[in-house]
Amino acid sequence: MKTLFIINPVAGRKRSVRVWKDIRPYINFPYEYEFTQGCGDATQIAKHAKKLGYEVIVTVGGDGTISEVVNGIAGSDIRLGIIPAGTGNDFGKTLKIPENPRYALEIIEEGKNLAFTDLGKFQDVYFINIAGAGFDAEVANMTNSNLKFLNGTLAYVTSLVWNLARYSPCNAVITVDGKKYFRKPWLVLAANARYFGGGMMINPDGIINDGLLDVCIINDMSRAEILRFLPSVFTGSHKKHRCFEVIRGKNVEIEFAKPVRVQVDGDAKGFTPVRFSIVNRALSVITPVKD
Numbered sequence: 005m006k007t008l009f010i011i012n013p014v015a016g017r018k019r020s021v022r023v024w025k026d027i028r029p030y031i032n033f034p035y036e037y038e039f040t041q042g043c044g045d046a047t048q049i050a051k052h053a054k055k056l057g058y059e060v061i062v063t064v065g066g067d068g069t070i071s072e073v074v075n076g077i078a079g080s081d082i083r084l085g086i087i088p089a090g091t092g093n094d095f096g097k098t099l100k101i102p103e104n105p106r107y108a109l110e111i112i113e114e115g116k117n118l119a120f121t122d123l124g125k126f127q128d129v130y131f132i133n134i135a136g137a138g139f140d141a142e143v144a145n146m147t148n149s150n151l152k153f154l155n156g157t158l159a160y161v162t163s164l165v166w167n168l169a170r171y172s173p174c175n176a177v178i179t180v181d182g183k184k185y186f187r188k189p190w191l192v193l194a195a196n197a198r199y200f201g202g203g204m205m206i207n208p209d210g211i212i213n214d215g216l217l218d219v220c221i222i223n224d225m226s227r228a229e230i231l232r233f234l235p236s237v238f239t240g241s242h243k244k245h246r247c248f249e250v251i252r253g254k255n256v257e258i259e260f261a262k263p264v265r266v267q268v269d270g271d272a273k274g275f276t277p278v279r280f281s282i283v284n285r286a287l288s289v290i291t292p293v294k295d
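So for the sequence shown, the numbering used here puts the first residue at 5; every next one is plus one.
If you want it as structure tokens, here you go:
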């Protein structure tokens with residue numbers, strides 16, 4: 005099996021470099037490797053690897069690295085291996101990839117089990133986890149652009165508190181497979197996987213290969229109730245909350261009464277109105293459990 009490891013040296017605040025040094029002596033099959041040098045580089049490396057006939061590409065990094073590689077190989081026969089080395093590793097959590105890098109390497113070496121997963125799509129970009137609009141997009145934008153001097157969790161919490169004091173829900177029209185829903189949400193998410201934001205199980209009943217997006221909506225509630233609601237998202241118990249709902253479909257359009265920010269896998273992507281869709285079984289991933 006012709007295998008290429010793609011290592012993002014800045015993922016997980018350079019944890020990926022330590023992980024690579026740790027697992028490399030334990031790789032017992034022929035391989036080549038390449039380090040990324042900047043944003044978007046993993047996509048170009050993956051596209052080139054596809055042309056060269058690689059059968060397996062293994063990411064050593066976080067969800068951002070996986071997302072870039074996926075945008076280079078989606079729809080092909082290339083199998084994706086994942087060595088979690090980022091801050092959140094949310095995609096791996098959905099697929100039950102071990103957090104321990106050596107255990108993750110063993111699964112790739114065995115290569116017995118494949119999961120054929122769906123991918124979300126925004127314009128010409130694929131996303132692996134979750135995209136959406138509203139409060140979460142504001143938090144993600146501030147975390148990524150203004151709080152780089154803080155570590156991941158502290159930056160996210162700081163941004164969340166700051167935006168909670170300033171952001172207010174407004175009316176929205178959410179269209180799922182042609183049916184319109186009128187809501188006043190804090191946020192609307194189009195979820196492919198179960199996790200986002202570094203371990204928040206926003207979509208606990210999500211199935212990653214059912215050919216559907218799970219449109220997760222957090223409807224209007226007080227700021228005090230939001231603060232009580234958020235911790236439950238880490239366990240998935242929020243799904244019983246009266247202000248949380250899920251609508252499933254293949255095509256989603258979101259339009260607020262005023263433009264609100266959009267995020268795709270945690271990266272700011274402009275403002276609403278926005279459209280998302282699902283591409284069924286577009287990616288083959290080496291996993292510990294058979295599909």
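Beta carbons are placed, not taken as given, at the ideal position from N, Cα and C, and that holds for glycine.
- Membership of Val237 in the alpha helix (DSSP H) is indicated by the continuous run 227-237.
- If you check the CB distance, Ile290 and Ala197 do not come in under 9 Å.
- Checking the DSSP bridge columns, you'll see Thr121 partnered with Leu287.
- Take the alpha-carbon of Arg187 and the one of Phe200: they are about 23 Å apart.
- Judged by their CB atoms, Val264 and Ala137 are nearer to each other than the 9 Å cut-off.
- In this structure, the alpha-carbon of Ile222 lies about 14 Å from that of Tyr171.
- For Ile27, the uninterrupted alpha helix (DSSP H) segment begins and ends at 19-27.
- Taking Lys244 as reference, the option from Ile82, Arg252, Pro277, Phe233 with the minimal CA-CA separation is Phe233.
- Judged by DSSP in its simplified three-state form, Leu84 adopts strand.
- The continuous stretches of beta strand (DSSP E) do not include Gln127, and DSSP gives it neither H nor E.
- Between Asp122 and Asn213, the beta carbon gap of about 6 Å places them in contact (Cβ cut-off 8 Å).
- Non-local C-beta neighbours of Gly44 in its own chain, meaning closer than 8 Å and more than five positions away in sequence, comprise Glu72, ordered along the chain.
- Runs of the alpha helix (DSSP H) lying entirely within the stretch 39-120, each at least 4 residues long, are 45-55, 67-77, 94-98, 105-114 in chain order.
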